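Chemist: Per the working numbering, residue 11 is the first one in the sequence shown, and the count goes up by one each step. Even glycine gets a Cβ: it sits at the ideal position worked out from N, Cα and C. Bear in mind that the values here come from a model prediction, so they are computed numbers and not experimental data. Input: one structure, supplied below.
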Amino acid sequence: MQIQVLKSKIHRVKVTGADLNYIGSITIDETLLEASNIIEGEKVSIVNINNGERFDTYAIKGERNSGEITLNGPAARKVQRDDIIIIISYATVDFEEAKTFQPWIIFPNENDNSLT
11 MQIQVLKSKI
21 HRVKVTGADL
31 NYIGSITIDE
41 TLLEASNIIE
51 GEKVSIVNIN
61 NGERFDTYAI
71 KGERNSGEIT
81 LNGPAARKVQ
91 RDDIIIIISY
101 ATVDFEEAKT
111 FQPWIIFPNE
121 NDNSLT
């Protein structure tokens, strides 16, 4: 049997932009992607702390150390600049592996989305 478990989490980052006219996705600072073990194209769930919205999209790489968190395409309607969001990804693993699986969870600075 396999189950889904938390794989990666970027806890409480500030939205820096919303681009309705982009094709879709969420642009995430490359440093945050690497630290959270999320790869470009990976499905992610977004939880908006400010308005309670929850939705799925996929990650694309933003400029390293830029602090960028931009929601693109239709997802741009679900956030506003300066909203605080949580970015989550899941993995499907065997039940026994799930008992010891350790997710990558990071806590960036909410002011500038940096890891310091």
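1) Let me make sure I understand the geometry here. Which of Glu50, Glu107 and Thr126 has the alpha-carbon closest to that of Glu73?
2) Thinking just about the alpha-carbon of each residue, which of Ile20, Gly27 and Asn123 is nearest to the one in Leu81?
3) Considering only their Cβ atoms, is the gap separating Lys19 from Pro113 smaller than 9 Å?
4) If you measure between the beta carbons of Lys17 and Ile38, is that distance less than 9 Å?
5) Alpha helix (DSSP H) containing Phe65: first to last residue?
6) Starting from Leu43, trace the alpha helix (DSSP H) both ways and give me its first and last residue.
7) Within the same chain, show all residues whose beta-carbon is closer than 8 Å to that of Asn123, passing over the 5 residues directly before and after it, in chain order.
8) When you compare the CB positions of Ile116 and Ser46, do they come within less than 9 Å of one another, or not?
9) Less than 9 Å between the beta carbons of Ile59 and Ile33, yes or no?
10) Am I right that Ile36 and Ala69 are in contact with their C-beta atoms under 8 Å? What's the rounded C-beta distance?
Modeler: Taking the coordinates as given:
1) Glu50
2) Gly27
3) yes
4) no
5) For Phe65, there is no enclosing alpha helix (DSSP H); the enclosing beta strand (DSSP E) has its first and last residue at Arg64 to Gly72.
6) Glu40 to Ser46
7) Val23, Lys24, Thr26, Asp39, Leu42, Gly77, Glu78 and Ile79
8) yes
9) no
10) 6 Å
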